[in-house]
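*Asks:* Submitted below is the structure of interest, expressed as structure tokens.
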Amino acid sequence: MTAELGHIALILAFCVALLQTAIPLLGAQRNDARMMEFGDRAAIGQFLLIAFSFLALTSVFLASDFSVKLAALHSHSEKPLLYKISGVWGNHEGSILLWVLMMAGYGAAVPLFGKALPPGLKARAIAIQALITAGFLAFILFTSNPFERLNPVPIDGNGLNPILQDPGLAFHPPFLYLGYVGFSLPFSFAVAALIEGRVDSVWAKWLRPWVLVAWSFLTIGIALGSFWAYYELGWGGWWMWDPVENVSFMPWLAGTALLHSILVLGTRHSLASWTVLLAITTFALSLIGTFVVRSGILVSVHAFAVDPERGVFLLLLLGLATGGALTLYAMRAHTLRDPVPFNAASRDGALVLNNLLLTAALATVFLGTFYPLLIDAVNGSKISVGAPYFELTFTPIMCLLILFMGIGPMLKWRVDTLKRLRVPIVLCLKIVAVVIIATAIIGKSVLGALALGLAAWLAVGTILTIGRKARWNRAGLRAQPASTWGFVGAHMGVAIFTAAVTIMSVWSATDIGTLKVGDSLTLGKYTYTLEDVGGGQRDNYTFLAGEISVTKGETQLSTLLTERRFYPVRNQVTTEAGLDLSFGQTLFASIGEGDPEGGFVVQVYRHSFVVWIWLGALLMALSGFAALADRRLRLPKPETAPTLAAAE
Amino acid sequence: MKLRGLIPLGLFILLLGALAFGLTRDPRILPSELIEKPFPAFALENLEGDALLNPSILNNQVSLVNVFGSWCVACTVEHPQLMALRDKPDLQLVGIDWRDTREAANRWLVRNGNPYDVIIFDPNSKLIVELGVTGAPETFIVDKAGKIRYKHVGIITADDWDETLRPLVESLQ
Chain H
104 MTAELGHIAL ILAFCVALLQ TAIPLLGAQR NDARMMEFGD RAAIGQFLLI AFSFLALTSV
164 FLASDFSVKL AALHSHSEKP LLYKISGVWG NHEGSILLWV LMMAGYGAAV PLFGKALPPG
224 LKARAIAIQA LITAGFLAFI LFTSNPFERL NPVPIDGNGL NPILQDPGLA FHPPFLYLGY
284 VGFSLPFSFA VAALIEGRVD SVWAKWLRPW VLVAWSFLTI GIALGSFWAY YELGWGGWWM
344 WDPVENVSFM PWLAGTALLH SILVLGTRHS LASWTVLLAI TTFALSLIGT FVVRSGILVS
404 VHAFAVDPER GVFLLLLLGL ATGGALTLYA MRAHTLRDPV PFNAASRDGA LVLNNLLLTA
464 ALATVFLGTF YPLLIDAVNG SKISVGAPYF ELTFTPIMCL LILFMGIGPM LKWRVDTLKR
524 LRVPIVLCLK IVAVVIIATA IIGKSVLGAL ALGLAAWLAV GTILTIGRKA RWNRAGLRAQ
584 PASTWGFVGA HMGVAIFTAA VTIMSVWSAT DIGTLKVGDS LTLGKYTYTL EDVGGGQRDN
644 YTFLAGEISV TKGETQLSTL LTERRFYPVR NQVTTEAGLD LSFGQTLFAS IGEGDPEGGF
704 VVQVYRHSFV VWIWLGALLM ALSGFAALAD RRLRLPKPET APTLAAAE
Chain F
21 MKLRGLIPLG LFILLLGALA FGLTRDPRIL PSELIEKPFP AFALENLEGD ALLNPSILNN
81 QVSLVNVFGS WCVACTVEHP QLMALRDKPD LQLVGIDWRD TREAANRWLV RNGNPYDVII
141 FDPNSKLIVE LGVTGAPETF IVDKAGKIRY KHVGIITADD WDETLRPLVE SLQ
């Protein structure tokens with residue numbers, strides 16, 4: 104019964120979405136306040152309906168109701184509770200429902216938080232958001248219904264893919280979707296503004312917090328995915344340039360450019376054209392991501408559902424949404440001229456450069472990701488594009504960007520010169536030179552030294568920027584608004600991230616061997632010894648466990664427990680790496696096949712400062728959230744009716 | 021409508037075209053790199069253990085080289101089709117026994133029948149790796165000059181033989 108109710112709720116939500124598209128759009132056209140207000144109510148109603156539907160699906164999983172096909176395919180009565188819940192979105196149908204839930208959630212945020220918005224803009228934005236949601240609801244109802252029943256009812260379910268039974272991966276999709284879907288608001292608002300024919304600072308001021316929210320969530324989502332890959336997949340890497348990773352990264356790149364553009368538009372009234380185009384592009388990339396992951400057109404380790412029929416539907420959605428938006432853009436683009444000129448050596452100029460570099464980086468990732476598809480279309484050959492291409496093309500662009508990030512924020516708006524900044528630039532260069540030379544001597548790596556120098560440049564530049572703003576005294580620091588601290592935190596996060604990636608790439612070590620109990624492998628001063636191998640059964644799997652002790656000279660540093668698990672219900676083998684994470688060295692070992700006589704395959708790693716990769720990303724995300732506290736982002740409240748002053 | 025504003029839309033339509041095309045292709049199908057190339061060199065014993073084999077066994081006749089193993093369940097499904105080809109005078113059947121033991125392979129052949137004219141014993145995947153084999157059963161058609169002409173991944177059904185393999189074998193005679 105629950106499943107049917109959930110299904111009905113979805114159908115109702117679809118009808119509401121259709122009405123929510125038509126009526127407010129008409130209302131905005133005719134300036135009819137009641138029709139526009141309908142949009143507000145509908146948005147909230149739609150969210151409640153979809154939330155109910157999602158809860159219905161969750162309760163089906165929690166109750167292990169295997170008469171529902173989705174639960175039978177992806178759940179199991181013996182699964183731990185957390186994974187019963189995360190199993191709801193650990194499959195195609197459930198995750199699309201989660202996507203739609205978030206779209207409706209963000210849509211409901213417009214009437215809740217946007218009371219100060221001009222009613223026409225608000226109504227149109229709500230309508231466009233509803234239109235996209237309607238498209239996805241149609242997709243669910245016609246091709247990916249999560250509430251399909253199964254008859255006869257199986258005694259137990261198929262179980263969840265064991266790789267997904269993991270806390271990191273339980274949370275990775277929700278955060279990622281909060282990011283992806285969050286960019287639907289800028290998209291809807293961009294289209295609404297294009298319909299109105301006006302993109303101005305009011306629009307930008309309202310949107311900016313939402314771009315921050317979406318961007319921050321997306322940052323966390325990507326970082327979680329990377330962290331999970333590191334400790335779960337056990338091959339010692341944190342980013343593979345796999346197509347599905349790339350399609351999550353591309354909206355992030357576009358979203359970062361959007362974030363900076365909308366800052367400029369909100370305060371300086373320029374870069375309107377860039378901002379609108381970026382708003383459309385970011386969400387379009389989210390849609391492309393959804394399409395790629397679920398249609399199977401690119402080979403990836405992330406294999407989700409491979410279904411050309413669903414692919415066609417998603418492609419249609421993507422085509423109509425983005426095509427429609429870009430057509431509007433083509434029609435209205437000439438009205439979005441920048442009123443205030445600025446010269447290149449100014450903060451505006453630096454931000455345009457920022458946009459250009461991020462777009463260039465986005466283009467190289469895009470090209471690398473879709474190149475196999477394009478080549479197949481052109482001459483039928485099958486190639487794969489891997490890390491070497493991306494590292495060669497993406498890294499230099501990023502290095503350029505980091506270079507300009509160091510001093511860009513120090514520039515004044517509209518007109519400035521580099522000569523004015525001679526003192527801080529020289530100071531930066533001096534510190535960077537010290538860092539480079541010290542690293543080159545101690546670390547014996549020129550490339551590593553240069554990269555660390557770059558990270559230092561960014562860090563010092565950021566510190567100098569905030570210092571100069573605050574005039575180097577504590578009162579000045581306290582007077583800085585929240586968004587300034589957001590900028591400091593985010594840019595420092597990038598510096599930390601860059602430094603961590605450099606150190607991890609240049610100064611790590613790994614070795615692999617076949618070890619019997621008592622044998623060891625050495626990485627420099629560290630010795631990894633296979634102390635014990637055991638086995639057993641736990642929950643829903645059997646396992647082979649290796650105990651590896653790590654010593655440095657005489658001191659015992661830690662014991663790493665690594666396992667090879669076999670899940671009988673799914674007939675699947677996974678490796679759990681033994682990790683000792685720390686802020687300094689991370690010690691890593693994973694055990695493979697083998698037997699007591701011949702020895703076991705063991706791979707060991709020593710990664711320096713690897714956790715700072717994700718801590719840097721986390722700092723970026725938290726800074727984004729922190730910047731939300733800035734009062735300057737609030738729109739002025741609409742004029743309340745004048746109250747009669749009490750006669751005194 | 022200014023033309024410059026149409027650029028994003030134009031690029032997007034191109035992308036849509038590429039994506040739509042992508043839906044018609046299966047990225048997991050990988051054609052063999054060895055088509056039109058000579059059969060890789062190898063020096064392996066035969067299953068009986070009394071002779072050393074090399075690619076010269078493929079010369080001067082059309083060969084069907086079939087990768088199998090006693091552990092391979094799908095191979096028993098295609099085996100009757102291979103048995104039906106046993107007595108064809110113009111086609112040499114070469115088997116590659118992969119990752120197996122001589123005892124298990126012989127037992128399997130006794131139970132299911134032995135269609136092969138000669139069987140290469142490859143327990144350590146030496147030839148398999150050279151051939152780019154990803155699983156069993158896989159079958160190669162080799163022409164009289166020892167060049168690989170076709171690779172068939174998976175079970176050979178009667179349809180596969182009638183529609184694809186037999187015409188190819190006959191055209192190579």
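These protein sequences, in sequence, are chains H and F.
Here my numbering is used: the first residue of the first sequence is 104, the next is one more, and so on.
Here my numbering is used: the first residue of the second sequence is 21, the next is one more, and so on.
The beta-carbon is built from N, C-alpha and C at its ideal position, and this holds for glycine as well.
(1) Apart from the five residues on each side of it in sequence, which residues of its chain come closer than 6 Å, Cβ to Cβ, to residue 637/H?
(2) Look up residue 692/H in the DSSP assignment and give the residues it is bridged to.
(3) Based on DSSP bridge pairs, tell me the residues matched to residue 675/H.
(4) Kindly indicate which residue of 26/F, 156/F, 75/F, 34/F has the alpha-carbon position closest to the one of residue 481/H.
(5) Straight-line CA distance for residue 377/H to residue 30/F?
(6) How many Å lie between residue 367/H and residue 512/H at the Cα?
(7) What distance in whole Å lies between the Cβ atoms of residue 552/H and residue 543/H, which are believed to be in contact at a cut-off of 8 Å?
(8) Chain H beta carbons: is any one of them nearer than 9 Å to that of residue 26/F?
(9) Over what stretch of residues does the beta strand (DSSP E) that includes residue 260/H continue unbroken?
(10) Are the CB atoms of residue 226/H and residue 139/H nearer to each other than 9 Å?
(11) Please state the DSSP three-state secondary structure of residue 192/F.
(12) What residues from the region 132-166 of chain F come within 8 Å of chain H, judged by C-beta to C-beta, listed N to C?
(13) From the DSSP output, which residues share a beta bridge with residue 72/F?
(14) Would you call the region 132-147 of chain H and the region 168-185 of chain H in contact, with 3 or more CB pairs under 8 Å?
(15) Could you tell me which whole beta strand (DSSP E) segments of length 3 or greater appear in the region 128-157 of chain F?
(16) At the level of alpha carbons, what is the spacing between residue 743/H and residue 232/H?
(17) Considering only the alpha carbon of each residue, which of 684/H, 319/H, 627/H lies closest to residue 596/H?
(18) Would you list the one or two residues that DSSP bridges to residue 86/F?
(19) DSSP on residue 38/F, reduced to helix/strand/coil?
(20) Measure the alpha-carbon distance for residue 173/H versus residue 193/H and round it to whole angstroms.
(21) Can you give me the C-alpha to C-alpha distance between residue 401/H and residue 321/H, rounded to a whole angstrom?
(22) Could you tell me the distance, in whole angstroms, from the CA atom of residue 426/H to the CA atom of residue 412/H?
(23) Under the DSSP definition of a beta bridge, which residues are partnered with residue 172/F?
(24) At the level of alpha carbons, what is the spacing between residue 119/H and residue 432/H?
(25) Does the region 144-164 of chain F come into contact with the region 53-69 of chain F, if we say contact requires no fewer than three beta-carbon pairs (one atom in each stretch) closer than 8 Å?
(26) Compare the C-beta of residue 94/F with all C-beta atoms of chain H and state if any pair is closer than 9 Å.
(27) Give the secondary structure of residue 612/H by DSSP, where H, G and I count as helix, E and B as strand, and everything else as coil.
(28) Run through the DSSP bridge pairs and tell me what residue 171/H is partnered with.
(29) Mind checking if residue 44/F is an interface residue toward chain H, Cβ cutoff 9 Å exclusive?
(30) Our contact map puts residue 720/H next to residue 600/H with C-beta atoms below 8 Å; I'd like the distance itself, whole angstroms only.
(31) Does the Cβ-Cβ distance between residue 806/H and residue 567/H come in under 9 Å?
(32) Identify the contact partners of residue 480/H in chain F, using a Cβ-Cβ distance below 7 Å as the criterion.
(33) Just verifying my parser: in three-state terms, what is the DSSP assignment at residue 659/H?
(34) Taking 6 Å as the limit between beta carbons, can you name the residues of its chain near residue 715/H, skipping five residues before and five after?
(35) Give the interface partners of residue 29/F over in chain H, defined as CB-CB distance under 8 Å, in chain order.
(36) At the level of alpha carbons, what is the spacing between residue 124/H and residue 317/H?
*Replies:* Taking the definition as stated:
(1) As a working mapping, residue 637/H is identified with position 534 in the first sequence. So the qualifying residues of the chain are 648.
(2) The count along the first sequence starts at 1 and reaches residue 692/H at position 589. Partner(s): 681/H, 707/H.
(3) Along the first sequence, one-based indexing puts residue 675/H at 572. BP columns for residue 675/H point to 670/H.
(4) For the purposes of this step, residue 481/H is taken as residue 378 along the first sequence, with counting starting at 1. For the residues 26/F, 156/F, 75/F, 34/F, the minimum Cα distance to residue 481/H belongs to 34/F.
(5) Indexing the first sequence from 1 puts residue 377/H at position 274. Indexing the second sequence from 1 puts residue 30/F at position 10. For residue 377/H and residue 30/F, the distance between alpha carbons rounds to 17 Å.
(6) Translated into the one-based positions of the first sequence, residue 367/H becomes position 264. Translated into the one-based positions of the first sequence, residue 512/H becomes position 409. The alpha-carbon atoms of residue 367/H and residue 512/H are separated by roughly 12 Å.
(7) In the first sequence, residue 543/H corresponds to position 440, counting from 1. In the first sequence, residue 552/H corresponds to position 449, counting from 1. About 4 Å; that satisfies the 8 Å criterion.
(8) Translated into the one-based positions of the second sequence, residue 26/F becomes position 6. Residue-level contact check: residue 26/F touches chain H, since one or more beta carbons of chain H fall below 9 Å from its beta carbon.
(9) Translated into the one-based positions of the first sequence, residue 260/H becomes position 157. In the DSSP assignment, residue 260/H falls outside any beta strand (DSSP E) and carries neither an H nor an E.
(10) Within the first sequence, the letter at position 123 stands for residue 226/H. Within the first sequence, the letter at position 36 stands for residue 139/H. A contact, by the Cβ cut-off of 9 Å.
(11) Stepping through the second sequence from its first residue, residue 192/F is reached at position 172. Residue 192/F falls in the helix class under three-state DSSP.
(12) For the region 132-166 of chain F, the set of positions with a beta-carbon nearer than 8 Å to some beta-carbon of chain H is empty.
(13) Start at 1 with the first residue of the second sequence, and residue 72/F comes out as number 52. According to DSSP, which records beta bridges pairwise, residue 72/F is partnered with 65/F.
(14) The region 132-147 of chain H makes no contact with the region 168-185 of chain H: fewer than 3 CB pairs, one atom from each, lie closer than 8 Å.
(15) You should have 138-142.
(16) Taking the first sequence and counting its residues from 1, one reaches residue 743/H at position 640. Taking the first sequence and counting its residues from 1, one reaches residue 232/H at position 129. Only weak support exists for where residue 743/H lies, its pLDDT of 46 falling under 50; the coordinates are left without a value.
(17) Sequence index remark: in the first sequence, residue 596/H carries index 493 (1-based). Nearest of 684/H, 319/H, 627/H to residue 596/H, Cα basis: 319/H.
(18) As a working mapping, residue 86/F is identified with position 66 in the second sequence. The bridge partners DSSP lists for residue 86/F are 115/F, 159/F.
(19) As a working mapping, residue 38/F is identified with position 18 in the second sequence. The answer is helix: DSSP assigns residue 38/F an H, G or I state.
(20) Along the first sequence, read from residue 1 onward, the residue named residue 173/H stands at position 70. Along the first sequence, read from residue 1 onward, the residue named residue 193/H stands at position 90. Approximately 10 Å, taken between the alpha carbons.
(21) As a working mapping, residue 401/H is identified with position 298 in the first sequence. As a working mapping, residue 321/H is identified with position 218 in the first sequence. Pairing residue 401/H with residue 321/H, the inter-Cα distance amounts to about 22 Å.
(22) The residue given as residue 426/H occupies position 323 in the first sequence. The residue given as residue 412/H occupies position 309 in the first sequence. Going from the Cα of residue 426/H to the Cα of residue 412/H covers about 21 Å.
(23) Taking the second sequence and counting its residues from 1, one reaches residue 172/F at position 152. Paired residues: 159/F.
(24) As a first step, residue 119/H must be located in the first sequence, where it is residue number 16. As a first step, residue 432/H must be located in the first sequence, where it is residue number 329. Going by the C-alpha atoms only, they are around 28 Å apart.
(25) Taking 8 Å as the limit for Cβ pairs, the verdict is that the region 53-69 of chain F does touch the region 144-164 of chain F.
(26) Against the second sequence, residue 94/F aligns to sequence position 74. Residue-level contact check: residue 94/F does not touch chain H, since none of the beta carbons of chain H fall below 9 Å from its beta carbon.
(27) Position 509 of the first sequence holds residue 612/H. Three-state DSSP puts residue 612/H in a strand.
(28) Start at 1 with the first residue of the first sequence, and residue 171/H comes out as number 68. Residue pairing for residue 171/H: DSSP places it in a beta bridge opposite 252/H.
(29) Locating residue 44/F in the second sequence gives position 24, where the first residue counts as 1. Cβ-Cβ to chain H under 9 Å: yes for residue 44/F.
(30) Residue mapping note: residue 720/H aligns to position 617 of the first sequence, counting from 1. Residue mapping note: residue 600/H aligns to position 497 of the first sequence, counting from 1. Indeed, because the Cβ distance is near 6 Å, the residues count as touching under 8 Å.
(31) Nothing in the structure corresponds to residue 806/H, since chain H is present only between 104 and 751.
(32) Within the first sequence, residue 480/H is the residue found at index 377, counting from 1. Under the 7 Å cutoff, chain F gives 38, 41.
(33) By 1-based counting over the first sequence, the position of residue 659/H is 556. In this structure, residue 659/H counts as strand in the three-state DSSP scheme.
(34) On the first sequence, position 612 is the one that residue 715/H refers to. Residues of the same chain with a CB within less than 6 Å of the CB of residue 715/H, apart from the 5 flanking positions on each side, are 599, 603 in chain order.
(35) Indexing the second sequence from 1 puts residue 29/F at position 9. For residue 29/F, the chain H residues whose Cβ falls inside 8 Å of its Cβ are 426, 429, 430, 432, 433, in order along the chain.
(36) Residue 124/H sits at position 21 when you count from the first residue of the first sequence. Residue 317/H sits at position 214 when you count from the first residue of the first sequence. When the Cα atoms are used, residue 124/H and residue 317/H turn out to be separated by approximately 23 Å.
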